[in-house]
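Notes follow the structure.
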Amino acid sequence: MTETTIETTAPDRNLAMELVRVTEAAAMAASPWVGAGDKNAADGAAVDAMRKLLTTVAMRGTVIIGEGEKDEAPMLYNGEVVGDGTGPECDIAVDPIDGTTLTALGRGNAIAVIAVSERGTMYDPGPCVYMDKIATGPEAAEVIDINKS
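The letter at position 103 of the sequence shown is residue 620 when you use the working numbering, and the numbering goes up by one with no holes.
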């Protein structure tokens, strides 16, 4: 019989899976507020959870597209540094709840959002009120048109 060696070092970290957990934490934190009529409380809970978990992610991130300016809490603000200070340098776009009114009213189709790119590669729209967006898999990219939604 051969002896099995068990690796005792920490498992490899996967940035994509860590970010899935970040959005999951934001959604779960907002869940008690679904249908409660308080979109600010839902957003605050999601922001707090997202920020807390982002501090554990192995990256050196800067929020390029956030929710607002530094003094307008509770928000992940443009220019905020996130991550644990190790790993790749990243540009980040976040929206802990896209659909706060939907959440407050107990309706569907709200989503927790995070996007990441290499440092210096994310488009910075500057201050803007709202940006239309659509997400699709690569199979549908050529047939989906945001202007027809």
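For each residue, glycine too, the CB sits at the ideal point set by N, CA and C. Here the structure is a predicted model, which means the values were calculated and not measured.
For residue i, the nearest candidate out of the options (CA to CA)
| i | options | result |
| --- | --- | --- |
| D601 | T572, I628, N626 | T572 |
| R636 | A544, T579, N664, A629 | T579 |
| E597 | A533, T620, A652, V564 | V564 |
| K650 | D612, S634, R530, V551 | D612 |
| E584 | V660, P642, G604, D662 | P642 |
| W550 | T618, A610, V660, I581 | T618 |
| A533 | P605, I582, I581 | P605 |
| A542 | N531, R530, L570 | L570 |
| A610 | R624, S634, P655 | S634 |
| C645 | I582, R530, N531, V537 | I582 |
C-beta contact flag for residue i and residue j at 7 Å
| i | j | result |
| --- | --- | --- |
| I631 | A547 | no |
| M567 | V539 | yes |
| A553 | A629 | no |
| M648 | D608 | no |
| P653 | I661 | In the sequence under discussion, the amino acid at residue 653 is Thr, which differs from the Pro named in the question. Going by C-beta atoms, T653 is nearer than 7 Å to I661. |
| V574 | E535 | yes |
Contact with chain B by residue i, beta-carbon distance below 7 Å
| i | result |
| --- | --- |
| I631 | The structure shown contains no chain B, having only a single protein chain. |
Cβ-based neighbour list, residue i, same chain, cut-off 7 Å, excluding 5 preceding and 5 following
| i | result |
| --- | --- |
| G616 | N626, A627, I628 |
| D555 | A621 |
Exposure of residue i, with buried meaning 16 or more beta-carbon neighbours within 10 Å
| i | result |
| --- | --- |
| D588 | Any reading at D588 needs caution, since the residue's pLDDT is 47, under 50, leaving its predicted position unreliable; the model's value is listed next. Exposed. |
| A657 | exposed |
Same chain only: Cβ atoms within 6 Å of residue i, ignoring 5 sequence neighbours per side
| i | result |
| --- | --- |
| T603 | A575 |
Same chain only: Cβ atoms within 8 Å of residue i, ignoring 5 sequence neighbours per side
| i | result |
| --- | --- |
| R530 | A575, G604 |
Task: contact_flag[the segment 556 to 572, the segment 592 to 608] where n(CB pairs < 8 Å) is 3 or more - done: yes
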